[in-house]
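Peer 1: Below you will find the structure I want to go over with you.
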Amino acid sequence: MSDTARWATVNTPDGPFTLIADEADQILASGWVDDPDYLAALIHPRIQPQTVRPAPLSELTGAVEAYYAGDHDIVTKVPVRQQSGDFLMHAWDVLRAVDAGDIVTYSEFAQRAGNAPAIRAAASACARNAAALFVPCHRVVGKSGKLTGFRYGVDIKRSLLDREAA
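Using the working numbering, the first residue of the sequence shown is number 4, and each one after it goes up by one.
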């Protein structure tokens, strides 16, 4: 557990995007909200900071701005720190390996994560991902290609996928 984390918000075409980072500039939580308390609640208790204060975080917000300017791979190069069991930790690493412009189904994601029958566990990895965009769970879709289950809404998911496909 770190004593202090920092947060910043950047405006994007999809609305305000807030991120929380630890003292080593690792993303702890992020998403399309302007409420750092909402995001702080998503951080696993083992790594939950005691204090979250505002800070410029220009390198990290710059990565978000670069993503929206067309460098869709930059966000998966930013260090992320999440905590969970072995499968979820591995699954989040697998998500970071899905290239921008590619989409995978939940069953393909489970297979890539090394446990093809664990489709629900793969969906859980997306649902429990606190570091949206930096761990691109938006690149996972339903079996028919349907956009399902995104914490920040399917409109933002569609916008991200359309942006990456362009």
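Built from N, CA and C at the ideal position, the CB exists for glycine as well.
#1: Grab the span of the beta strand (DSSP E) containing Leu31 for me, first residue to last.
#2: Could you say which of His93, Arg49, Ser87, Val101 lies nearest to Ile77 if we only look at CA atoms?
#3: Rounded C-beta distance between Tyr70 and Leu22? I'm assuming under 8 Å.
#4: By the 10 Å Cβ neighbour count, where 16 or more other Cβ atoms means buried, how is Ser147 classified, buried or exposed?
#5: Take the Cβ of Gln29 as the centre, count every other Cβ of all protein chains shown within 10 Å, and call the residue buried at 16 or more, exposed below.
#6: Are the stretch 56 to 64 and the stretch 6 to 14 touching, with three or more C-beta to C-beta distances below 8 Å?
#7: Quick check: what's the CA-CA separation for Met4 versus Pro48?
#8: When the Cα atoms are used, what is the spatial distance from Asp113 to Ser87?
#9: Taking DSSP's pairing of strands, which residues face Thr7 in a bridge?
#10: Between which two residues does the beta strand (DSSP E) harbouring Leu22 extend?
#11: Just verifying my parser: in three-state terms, what is the DSSP assignment at Thr108?
#12: Where do the N-terminal and C-terminal ends of the alpha helix (DSSP H) with Ile159 fall, by residue?
#13: For Pro16, tell me which candidate among Tyr41, Ala169, Leu163 has the shortest Cα-Cα distance.
#14: Going by beta-carbon coordinates alone, are Ala32 and Ala43 separated by less than 9 Å?
#15: So is the beta-carbon of Asp25 under 8 Å away from any non-hydrogen atom of the ligand MG?
#16: I'd like to confirm the pairing. Which residues does DSSP put opposite Thr12 in its beta bridges?
#17: List the residues that DSSP assigns as beta-bridge partners of Val97.
Peer 2: With the structure as the only source:
#1: For this step, residue 31 is matched to residue 28 along the sequence shown. Segment 30 to 34, the beta strand (DSSP E) holding Leu31.
#2: On the sequence shown, position 74 is the one that residue 77 refers to. The option with the nearest alpha carbon to Ile77 is Val101.
#3: Against the sequence shown, residue 70 aligns to sequence position 67. Against the sequence shown, residue 22 aligns to sequence position 19. Taking a contact as a CB-CB distance under 8 Å, the pair Tyr70 and Leu22 does not count as one, their CB atoms being some 12 Å apart.
#4: Here residue 147 refers to the residue found at position 144 when the sequence shown is read from its first residue. Per the 10 Å Cβ criterion, exposed.
#5: Reading the sequence shown from its first residue, position 26 is the one you call residue 29. It is buried - the Cβ of Gln29 has at least 16 other Cβ atoms within 10 Å.
#6: They touch, by the three-pair rule.
#7: Along the sequence shown, one-based indexing puts residue 4 at 1. Along the sequence shown, one-based indexing puts residue 48 at 45. Note that Met4 has pLDDT 49, beneath the 50 cutoff, so the model's placement of it is unreliable and the number below is only indicative. When rounded, the distance between both Cα atoms is 8 Å.
#8: Taking the sequence shown and counting its residues from 1, the one referred to as residue 113 is at position 110. Taking the sequence shown and counting its residues from 1, the one referred to as residue 87 is at position 84. Note that residue 113 is Ala in the sequence shown here, rather than Asp. Answer to the nearest angstrom: the Cα atoms are 17 Å apart.
#9: Here residue 7 refers to the residue found at position 4 when the sequence shown is read from its first residue. Thr7 is bridged to Thr54.
#10: Position 19 of the sequence shown, counting from 1, holds the residue named residue 22. Run containing Leu22: 18 to 24, per the beta strand (DSSP E) assignment.
#11: Taking the first residue of the sequence shown as position 1, residue 108 is located at position 105. Looking at Thr108 - three-state DSSP - the assignment turns out to be strand.
#12: Locating residue 159 in the sequence shown gives position 156, where the first residue counts as 1. From DSSP, the alpha helix (DSSP H) with Ile159 extends over 157 to 168.
#13: In the sequence shown, the residue the question calls residue 16 occupies position 13. Here the closest residue by C-alpha is Leu163.
#14: Your numbering for residue 32 matches position 29 in the sequence shown. Your numbering for residue 43 matches position 40 in the sequence shown. Their beta carbons are under 9 Å apart, which means Ala32 touches Ala43 by this criterion.
#15: In the structure on display, the ligand MG does not appear, and there are no ligands present to speak of.
#16: Working through the sequence shown from its first residue, we reach residue 12 at position 9. Beta-bridge pairing links Thr12 to Thr21.
#17: For the purposes of this step, residue 97 is taken as residue 94 along the sequence shown, with counting starting at 1. Beta-bridge pairing links Val97 to no other residue.
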